[in-house]
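Colleague: Per this note's numbering, residue 2 is the first one in the sequence shown, and the count goes up by one each step.
Starting off with a structure, shown below.
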Amino acid sequence: MPDADTGDRPPAWVCLALAGACVAAIGDFPYGYYQILRLAVTGYAAWIAVLSHSQKRIAWAWAFGFLALLYNPFIKITLDRDTWELVNIVTSGIILIEFWKFRKAMAQGEPTDPV
2 MPDADTGDRP PAWVCLALAG ACVAAIGDFP YGYYQILRLA VTGYAAWIAV LSHSQKRIAW
62 AWAFGFLALL YNPFIKITLD RDTWELVNIV TSGIILIEFW KFRKAMAQGE PTDPV
């Protein structure tokens with residue numbers, strides 16, 4: 002069954018896969034996994050930040066804009082492994098909460114809330 006029309010938003014599987022990849026990053030993977038994860042989170046977060054801003058969802062725009070900067074692969078922010086594990090879990094939670102709130106509002110036919 003296809004997803005409901007979500008406009009310019011990423012499909013559900015992208016949101017869920019990225020959240021899962023952030024949680025999986027707690028494991029011990031080759032460095033390439035973390036490089037790809039940084040690139041994927043940066044792209045997704047920038048996408049959601051721009052969409053959120055255009056929808057006047059300013060809090061979400063700031064949150065995802067911050068994630069895009071934190072994960073960007075070009076100017077790396079170096080943190081120790083324990084800190085990155087916490088950041089990855091929090092990132093996964095932010096992705097899932099935003100995903101759930103948006104999908105719930107769309108399913109009920111409501112406009113997305115501004116926060």
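From the three backbone atoms N, C-alpha and C, an ideal C-beta is built for every residue, glycine too.
Could you tell me how far apart the beta carbons of Thr89 and Cys23 are, in whole angstroms, since I believe they sit closer than 8 angstroms?
Modeller: This sequence places Asn at residue 89; Thr is not what is there. Right, their Cβ atoms sit about 4 angstroms apart.
Colleague: Is it true that the CB of Ala26 sits closer than 8 angstroms to the CB of Leu40?
Modeller: Against a cut-off of 8 angstroms, the Cβ pair of Ala26 and Leu40 comes out as no contact.
Colleague: Note down, one range per segment and in chain order, each alpha helix (DSSP H) of at least 4 residues found wholly within the stretch 25-99.
Modeller: Assignment of alpha helix (DSSP H) within the stretch 25-99, counting only whole runs of 4 or more residues, yields 32-55 and 59-72 in chain order.
Colleague: Just mark Phe67 as buried or exposed, buried being the case when its beta carbon has 16 or more other beta carbons within 10 Å.
Modeller: exposed
Colleague: Would you tell me roughly how many angstroms separate the C-alpha atoms of Met2 and Tyr45, rounded to the nearest one?
Modeller: Confidence in Met2 is poor, its pLDDT being 37 and thus under 50, which makes the residue's placement unreliable; the coordinate value appears in the next sentence. When rounded, the distance between both Cα atoms is 24 angstroms.
Colleague: Tell whether a beta-carbon distance below 8 angstroms holds between Ile49 and Trp61.
Modeller: yes
Colleague: Ala20 and Ile96 - do their beta-carbons sit closer together than 8 angstroms?
Modeller: Cβ distance < 8 angstroms, so Ile96 and Ala20 count as in contact.
Colleague: Measure the Cβ-Cβ separation of Leu71 and Ile78 and say whether it is below 8 angstroms.
Modeller: Yes. Within cutoff.
Colleague: Please name the residue, chosen from Trp14, Phe65 and Ala13, that lies closest to Thr43 on a Cα-to-Cα basis.
Modeller: Phe65
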